[in-house]
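For reference, the structure is listed below as structure tokens.
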Amino acid sequence: MSAQVDEQPGGALEAYRALLASRAVQRGEPSAPAVDELIGNGGVRPDHELLAHTVTAMGTTGLLTRAARARRFVQSDGVTYGSTDDGGQARNWHLDPLPVVLGAQEWAGLEAGLAQRAHLLDLVLADLYGERTLLHRRVVPAEVVLGHPGFVRQADRVRLPSPHQLLMSATDLARGSDGAWQVIADRTQAPSGAGYAMANRRIITRTMPALHRGTDLARLRSFFHTMRVALHDVAPETSEAPRVVVLSPGAGSETAFDQAFMATLLGFPLVEADDLTMRDGRVWVRTTGRLEPVDVILRRVDALWSDPLDLRADSQLGVPGLVEATRRATVAVVNPLGAGVLENPGLQHFLGAVAREVLGEDLALGMPLSWWCGDDRQRSHVLAHLDGLVLKPLWRDVDNESEFGWALSRAELDQLRARIEAQPWAWCAQEPLPDSSAPVVTRDGLEPRRLVLRTFAVAEGGDYRFLPGGLARVAASMDEYRVTGSAGALAKDVWVLSAPDAAAPPWVERSSRPAAVAEPAPTAGLAPRVAEDLFWIGRYAERAEGTARLLKVADDLTEDFGNRPGSLGAAAMTAVLDAVGAVTTVPAGDAREPGGRVRHLRTLVTDRRTPGTIAYAVDRLVQGSQQVRDQLSLDTWPILSRLEETLAAEQTEESQLQSLLEQLIESLLALAGVMAQSMVRDRTWAYIDAGSRLERAQLTVALLAATLAPGRSPVLKGQVTEAILVAGESIITHRRRSAAGLGPASPVHSALDLLLLDVDNPRSVIYQLDRLDPDLELIGDGERRTQVAEIAQRLRAADVHRLAGHDRTALDQLLVRLGAELRDLADAVERHHFVRKAPQRTHVTEWTLGRDA
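Residue numbers (this note's numbering): 50 to 902.
Structure, rendered in structure tokens:
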């Protein structure tokens, strides 16, 4: 069922109210739910007036326009969610344009309740890994904690050097039947979503600019400043200038964007297990120049996977010895290993009693009524009402998720009953909340969808600070109860209105010790994995551009002379097509046939599977960029998105390849401009630029070898040479010099002069070698600098006049040697700078007593 939003004033809200009322009647409720985020029973809430007026004024068409705009911004910003598919691409983030609005007074009350809960969870965490008084007194049954995989015994008695052990937490909330917020889950393992919340705000600000400007909102940025300070403050006391890293499972993680964007907002490097090593009982970052100590790890890898030595032996995501380093207090891990036990719904069931025991007060934020199946009486109730409850296992994994009793068949209910009876202590049941909803823009108008709000807290000093609002998610459809990314949930920005007397956020960082210099810094090293990705970003970007320029020339010749066999132009076309094959190394197939030439050229642009094509290079460029997102300018992502869109656009036999190639070149030039104009000249930039210089030099040498080295008739030689000068973006200079009588008389001589030896031509080989030297100096590679200098010296000594003569043997020999030297140079850079750790294996042995013992 859907509601058509009327274009007349008031139509959108009235249609939405009518829909809520009709759903209430269908469910047997006396009136429409009063818990939606936009409309109350008494009309539009004061806090929502501007949003309501905006919705009414826009109507269906305006709302759909904003939804489409939000989708474009999501794509251009590269916001993704979910594991990468077979093609290496992650799904786009889904964002509804209408924000969820919370009034200042409502948020203040919610914040107080969340702070109380965070303090309580912090005390519980300290107790469970300390005295375990709650277990001894049976306030919490021992099996609820000790039987939970999130309880990491190896982390017992390990403490952060901080008054808080739970440094960060997230809480999932929904509204109850009375309209009050209730807690449905705690997220303490490695809370995700704060980066997405900031990304949502950036997008909705551009999607609904007038509404955003007209609303006085609490800003989000100060939360990340607070987080940065908090992470510095938990470093070991011996660290004068703490170094903090964000440990990620890698770009294949579902929340890889969130992790990378968070690292960018905090200014800390994003690392993976391959980047870290243990030496002398502490953690170090492996950089291309040296080992650098790590003091604090913001962990986004689940605890059990964080150390293959003490925890899961099959993990490739962790650092062997990390647990021991936390015991020795040489590194602080946030959240601590073992904090995931607090996500336990069984523990949540007893949290009210824990609050009265520990705090001497009741919880300010309510929770849905729940039952723990480890208690006989409670289990009997659950089994008797199985089809009306939410059943939650004490721990979640792929095969162990919450079940909604009313959505199960009789056979599925019987299977669930058997699972509960087999392990009763491992199950909780929860009363379902009513349809706490928010309006979502659809083609049929506004639809109410189930809403879950995730809030984020960070401990600072003696208190907890909160991201204003947080991350809201709504179900994928009206009838979907599960609000998760895997179930297709949409995100919403959350706006907290500023109180009239609200103080300005504390922008100045406060810390008890000096802060480490933010990455990347001129003296900071890069992990070999990161350096390699940066290097290949430069290479693939240049490969795509150089190939596009060459294909543009080849397609132009094919268009003019493809149907004129035997002509001089057709011979030049054939020579250039042969050069295309030599440069790209892609087999020509039926390219000798008239229709086959165009198909082959199109394949060289759009085939994503074959190395040497433009699409293949662009795919690798995007994947490499996603691996090092925290190192790149935010302006990079709209360009990469445009490249992908251009290649993904439907192509027909009649589509003009020239137009497609021009669009690709335009985007690649924009990317080169961002790299040149928006990046600090540090090691990050040096690796990208070095890759670009080496790739351009090799492409130019390969092109010259395939076109100018073979002997040809003078006339054909002139046409081929001119085509190569066009591909090398040097034809205008050649013509201008020839007209002025300043350049060599021979076209081949002029081409060699421009593309090999002109120190002022950004397309020449010598120009690339000259620019490689400062790149190698930045990354501290003196040996490769010497190698480059020797290559450049030999090239400068070449007699171009003799090389351009009738006998091309010397030219062929020079280009073959130069190509081999450039390949050797690139290989040497890789061998020296990108040394990765060998795959780690943990050998598990069983110790037994010998017979004679």
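Note that beta-carbon positions come from the ideal geometry of N, C-alpha and C, so glycine has one too.
Within the stretch 270-346, the complete beta strand (DSSP E) segments of 3 residues or longer fall at 293-296, 325-328, 331-335 and 340-342, listed in chain order. When Leu720, Leu172 and Glu192 are compared, the shortest CA-CA separation from Ala593 is found for Leu720. Per DSSP, Gly111 is one residue of the alpha helix (DSSP H) stretching across Glu98 to Ser125.
Taking 8 Å as the upper bound for CB-CB distance, Leu753 and Leu599 are not in contact here, some 12 Å apart.
In the DSSP assignment, Trp686 falls within the alpha helix (DSSP H) that extends over Thr685 to Ala697. Fully enclosed alpha helix (DSSP H) runs of no fewer than 4 residues occupy 643-655 and 663-676 of the stretch 642-677, in order along the chain. When the beta-carbon positions are compared, Leu748 and Val632 come within less than 8 Å of each other.
For Trp142, the three-state secondary structure derived from DSSP is coil. Remark: C-beta atoms of Ala603 and Val625 approach each other more closely than 8 Å. Judged by DSSP in its simplified three-state form, Ile815 adopts helix. Listed in chain order, the non-local C-beta contacts of Trp686 below 7 Å within the same chain comprise Ser125, Asp126 and Gly127, local neighbours out to five positions each way being set aside.
Secondary structure at Ser486: strand, using DSSP grouped into helix, strand and coil. Burial state of Ile840 is buried, judged by a 10 Å Cβ sphere holding 16 or more other Cβ atoms. For Pro442, the uninterrupted beta strand (DSSP E) segment begins and ends at Val439 to Pro442.
Its chain contains Gln203 and Val372 as the residues whose beta carbon lies nearer than 6 Å to that of Asp359, once the 5 sequence neighbours on both sides are disregarded; these appear in chain order. For Gln231, the uninterrupted beta strand (DSSP E) segment begins and ends at Trp230 to Arg236. Each residue's CA atom was taken as its position, placing Ala279 and Arg651 some 54 Å apart.
Here the alpha carbons of Asp235 and Leu347 stand approximately 18 Å from one another.
Gln479 and Arg361 have their C-alpha atoms spaced approximately 31 Å apart.
If you look at Val878, you'll find it in the alpha helix (DSSP H) that goes Thr858 to His882. In this model, Val545 and Ser690 are separated by some 31 Å (Cα to Cα).
The alpha carbon of Arg206 has as its nearest neighbour, out of Ala378, Phe317, Asp679 and Gly587, the alpha carbon of Ala378.
In this structure, DSSP gives Ala521 an extended state, which the three-state scheme calls strand.
Per the DSSP secondary-structure output, Met257 pairs with nothing in a beta bridge. The three-state secondary structure of Tyr130, taken from DSSP, is strand. Between Asn393 and Leu215, the C-beta spacing is not below 8 Å. Straight-line spacing of the CA atoms in Leu113 and Ile233 works out to 32 Å.
Under the DSSP assignment, Pro577 falls outside any beta strand (DSSP E), being part of the alpha helix (DSSP H) whose first and last residues are Pro577 to Phe610.
Between the stretch 784-791 and the stretch 808-816, the count of C-beta pairs closer than 8 Å stays below three; the two stretches do not touch. A direct Cα-Cα distance of roughly 16 Å separates Glu470 from Ser451.
Cys477 is bridged by DSSP to Trp421 and Lys441.
Minimum Cα-Cα distance from Leu169 among the listed residues Gly152, Ala508, Val294 and Gly111 corresponds to Ala508. In this chain, Leu720 is not harboured by any beta strand (DSSP E); it is covered by the alpha helix (DSSP H) spanning Leu706 to Gln726. Under the 10 Å beta carbon count, His855 is surrounded by fewer than 16 other beta carbons and is classified as exposed. Ser779 and Leu803 have their C-alpha atoms some 7 Å from each other.
Here the stretch 153-173 does not lie against the stretch 288-296, with fewer than 3 beta-carbon pairs under 8 Å apart.
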